[in-house]
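For the sequence shown, numbering that gives the first Met the number 0 gives the first residue as 0, with consecutive numbering after it. Glycine is no exception: its CB is placed at the ideal position from the N, C-alpha and C atoms.
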Amino acid sequence: MNLKKAAAEKAVEAIKDGMCIGLGTGSTAYWAIQKIGERVRDGLKIEAVATSVASEELAVQLGIPIVPFDNITRLDITIDGADEVNPELHLIKGGGGALLREKIVAANTDYFIVVADESKAVDTLGSFALPVEVVPFASEWTKRRLEASCPDVQWRQKDGVKYITDNGNYIADCRYGEINDPAALEAMLNSIPGVVDNGLFVGMADKIIIAKSDGEMDIRVK
Ligand SMILES: O=C(CO)[C@H](O)[C@H](O)COP(=O)(O)O
């Protein structure tokens, strides 16, 4: 069974005619976008914005109407994946590099639904390296500031060079180990000059749908 697809398709059931939708990024959000495309072809009337260039391109291919951000003030529902989810519905995101746009979109959404397979459910966040988006200017200085709180900070690489986000920034993957106070760490990281944002999403998810290999769904609501 494809658990990512199952969780994503369950979430898409919440979308109704007339809604403005935020489209997430990654291999789980991919299935949500596919299902939304199918429903649009069947007559669903929605408008959407995307959290990455890749998701926008996919949505356009599938015939999902993409509108400029400035044309709408608020999204009804955003469906996105996560790298880790904890029992308090806090998340680590950004494995796909789209954390900044994902956080902006989630923050401007009335109902933020996270979809995941069971491998993403953890008791404590932090096994997954926390992505931190850093502006290129003086980025080694910013990295040194990150190293003051984190023992293992690595620039994300792609094809042998530094990975560049859709916003033209770098990603520093920060391995903290157990993150016991996600809200404090999120605020501390975002107070470092040069850090644009980080992949901790604290108190943002309204619903998390986790598909399990026994066929059940673990549905967590705020
Ligand atoms: O935050 C993300 C992209 O920036 C993704 O939602 C996250 O990495 C999960 O990806 P996937 O669904 O492929 O496991």
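What does a CB cutoff of less than 8 Å around residue i pick up in its chain, not counting 5 residues either side in sequence?
i	result
Arg155	Gly96, Pro130, Lys161, Tyr162, Tyr169, Ile170, Ala171 and Asp172
Which same chain residues end up closer than 6 Å to residue i when comparing Cβ atoms and leaving out the 5 residues on each side of it in sequence?
i	result
Leu2	Asp116 and Ala210
Glu46	Cys19, Pro64 and Val66
Ala224	Outside the modelled stretch of the chain, which goes from 0 to 221, sits residue 224, for which no answer is possible.
Met0	none
Ala7	Thr27, Trp30, Ala31 and Val114
Val220	Lys206
Gly94	Asp82
Glu87	none
Gly176	Gly125
With C-beta atoms as the reference, is residue i less than 7 Å away from residue j?
i	j	result
Ala13	Val114	no
Ile65	Lys206	no
Thr223	Leu74	In the structure as shown, the chain begins at 0 and stops at 221. Residue 223 is therefore absent and cannot be evaluated.
Thr164	Glu132	yes
Asp16	Lys34	no
Arg144	Ile191	yes
Run through DSSP, which three-state label would residue i get?
i	result
Glu139	helix
Leu61	coil
Gly36	helix
Arg155	coil
Ala115	strand
Asn197	strand
Ile178	coil
Ile222	Look at the range of the chain in this structure, 0 to 221, and you will see that residue 222 is not part of it.
Ala204	coil
Leu184	helix
Lys4	helix
Tyr162	coil
Asp172	strand
Between residue i and the rest of its own chain, which residues show a CB-CB distance below 7 Å, the 5 nearest in sequence each way excluded?
i	result
Leu124	Glu83, Asn85, His89, Ile91, Ile178 and Pro181
Asp40	Looking at the sequence shown, residue 40 is not Asp but Arg. Hits under 7 Å: Gly62.
Gly189	Note on identity: in this sequence residue 189 is Asn, with Gly being the wrong assignment. Correct list, in chain order: Asp196 and Asn197.
Work out the CA separation of residue j and residue i for me, nearest whole Å.
i	j	result
Met187	Val104	22 Å
Pro150	Phe127	14 Å
Gly42	Arg174	45 Å
Ile71	Val52	19 Å
Gly159	Gln153	13 Å
Gly25	Ala147	30 Å
Glu215	Val201	26 Å
Ser212	Ala5	10 Å
Met203	Tyr110	9 Å
Lys119	Trp140	32 Å
Asp217	Lys157	34 Å
Gln60	Val194	34 Å
Asn166	Phe68	15 Å
Leu199	Lys142	18 Å
Glu37	Val121	32 Å
Note to self: Tell me whether the region 85 to 102 and the region 135 to 151 touch, counting them as touching only if at least three CB pairs, one residue from each stretch, are closer than 8 Å.
What the structure shows: Segments in contact, no.
Note to self: Using 8 Å as the cut-off, can you tell me whether the region 71 to 79 makes contact with the region 19 to 27, which would need three or more C-beta pairs spanning the two stretches below that distance?
What the structure shows: Because the criterion of three Cβ pairs below 8 Å is met, the region 71 to 79 and the region 19 to 27 touch.
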